[in-house]
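Colleague: Once you've had a glance at the structure underneath, I'll fire off some questions.
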Amino acid sequence: MHFKKRHDFKHKKFKNPPIIEAIFELRWNIRENGEPLIKLIDKKFKFFPGRFFDRIKKKYPEVEVLPNSTIPDDLNEFLPRFRFRTQQNSYPLIQIGPGVITINFDKNFTQELFFNTCMDVLNVLFEILPNIVLNEVILHYIDGFKFDYEKENAFDYLEESLSTHFRFNLDLFENSKIKSLPVKFHLESNFHVEEPPGYFMCQFRSGRKRLDKEKIIVMDTIFRSFGKNLPEIEKLDDWLYDADNIIHNWFLKMIDKIKYKYE
């Protein structure tokens with residue numbers, strides 16, 4: 012099995028997009044015959060990191076051992092243990108752990124580069140572990156919008172700028188000594204998707220940038236398929252392509268009123 016690269020992306024490109032990070036995550040079953048939690052898991056993992064690194068080290072020579080490596084195996088399911096980069100603190104990065112692999116990009120990427128990098132990594136994964144059984148596939152975009160939610164009303168911003176309406180009736184605050192300005196929030200909605208089968212999630216939360224700690228509204232858009240909705244392994248490329256289009260089209264509609272800021 013070999014996943015091919017694609018060059019037919021027509022996504023709208025922005026000069027200064029609000030993207031913080033894009034993540035593709037694949038999980039596979041590691042508990043033999045559905046044994047309980049107390050049973051030893053993923054006996055093959057002890058050999059996987061070395062074999063994986065041997066195949067990617069020319070492009071990703073920088074290795075980081077994560078704190079999760081000290082957690083016992085039976086408590087470490089789907090938690091990355093190792094991180095690989097081209098150089099220290101750079102993107103893209105690849106993470107692996109028992110039953111999980113992720114490919115992460117920061118804002119300096121294109122959909123084509125992201126997709127084709129994912130295909131390269133999957134080709135290596137399935138060369139080493141050809142018989143894994145999928146557990147879940149996830150595509151996760153994280154965007155950040157500059158906004159001081161401690162001084163202005165975030166719900167006003169969501170309504171006026173991001174096509175999202177959410178409010179508490181003002182009479183709830185009358186005679187309550189509770190101020191109506193939300194200084195911290197986390198709003199989440201999930202929707203079933205017919206094709207490809209799965210679930211789409213959009214959430215907004217208060218947050219800060221990693222470096223300068225500037226206040227932002229964080230928007231997570233996530234597409235997940237698991238259980239009966241899982242794609243066949245040989246169709247993972249189609250799944251990623253279609254899931255990416257769903258999220259991108261939602262994003263374009265969501266930011267339509269403020270897209271001029273990023274063009």
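Residue numbers (the numbering used here): 12 to 274.
Ideal Cβ positions, reconstructed from N, Cα and C, are used throughout, including at glycine.
This one's a predicted model, so the numbers in the text were calculated from it and none came from an experiment.
Report the three-state DSSP secondary structure of residue 13 (helix, strand or coil).
Modeller: Coil, per DSSP.
Colleague: Does the beta carbon of residue 80 sit closer than 8 angstroms to a beta carbon anywhere in chain D?
Modeller: Although the question refers to chain D, the structure presented lacks it and comprises just one protein chain.
Colleague: Nearest CA to the CA of residue 69: which residue from 28, 97, 61 and 18?
Modeller: Comparing Cα-Cα distances from residue 69 to each of 28, 97, 61 and 18, the minimum goes to 97.
Colleague: Please report the straight-line C-alpha distance between residue 171 and residue 94, rounded to a whole angstrom.
Modeller: Whole-angstrom Cα-Cα distance: 40 angstroms.
Colleague: List in chain order: all unbroken alpha helix (DSSP H) runs of 4+ residues lying wholly within the region 137 to 204.
Modeller: You should have 165 to 172.
Colleague: With residue 264 and residue 200 assumed to form a contact (beta carbons below 8 angstroms), what rounded beta-carbon distance in angstroms separates them?
Modeller: Not confirmed; about 15 angstroms, so no contact.
Colleague: Under the assumption that residue 90 contacts residue 112 (Cβ atoms under 8 angstroms), give the Cβ distance between them as a whole number of angstroms.
Modeller: That belief does not hold up - the Cβ atoms of residue 90 and residue 112 are roughly 12 angstroms apart, past 8 angstroms.
Colleague: Is it buried or exposed, residue 189, if we count other Cβ atoms within 10 angstroms and call 16 or more buried?
Modeller: With fewer than 16 other Cβ atoms within 10 Å, it is exposed.
Colleague: Is the beta carbon of residue 115 sitting closer than 8 angstroms to the one on residue 104?
Modeller: Yes, they are a contact pair.
Colleague: Pull up the distance between the alpha-carbon of residue 352 and that of residue 121, whole angstroms please.
Modeller: The question about residue 352 has no answer here: the residues shown for the chain are numbered 12 through 274.
Colleague: What's the C-alpha gap between residue 23 and residue 231?
Modeller: Computed Cα separation, rounded: 19 angstroms.
Colleague: Considering residue 62, what are the terminal residues of the alpha helix (DSSP H) in which it resides?
Modeller: Residue 62 -> alpha helix (DSSP H) spans 59 to 67.
Colleague: Helix, strand or coil: how does DSSP classify residue 240 here?
Modeller: DSSP places residue 240 in helix when its eight states are reduced to three.
Colleague: For the putative contact between residue 154 and residue 31, defined by C-beta atoms under 8 angstroms, what is the C-beta separation to the nearest angstrom?
Modeller: Yes, residue 154 and residue 31 are in contact; Cβ-Cβ is about 6 angstroms, under 8 angstroms.
Colleague: Helix, strand or coil for residue 217, going by three-state DSSP, please let me know.
Modeller: In the structure shown, residue 217 sits in a strand (DSSP, three-state: E or B).
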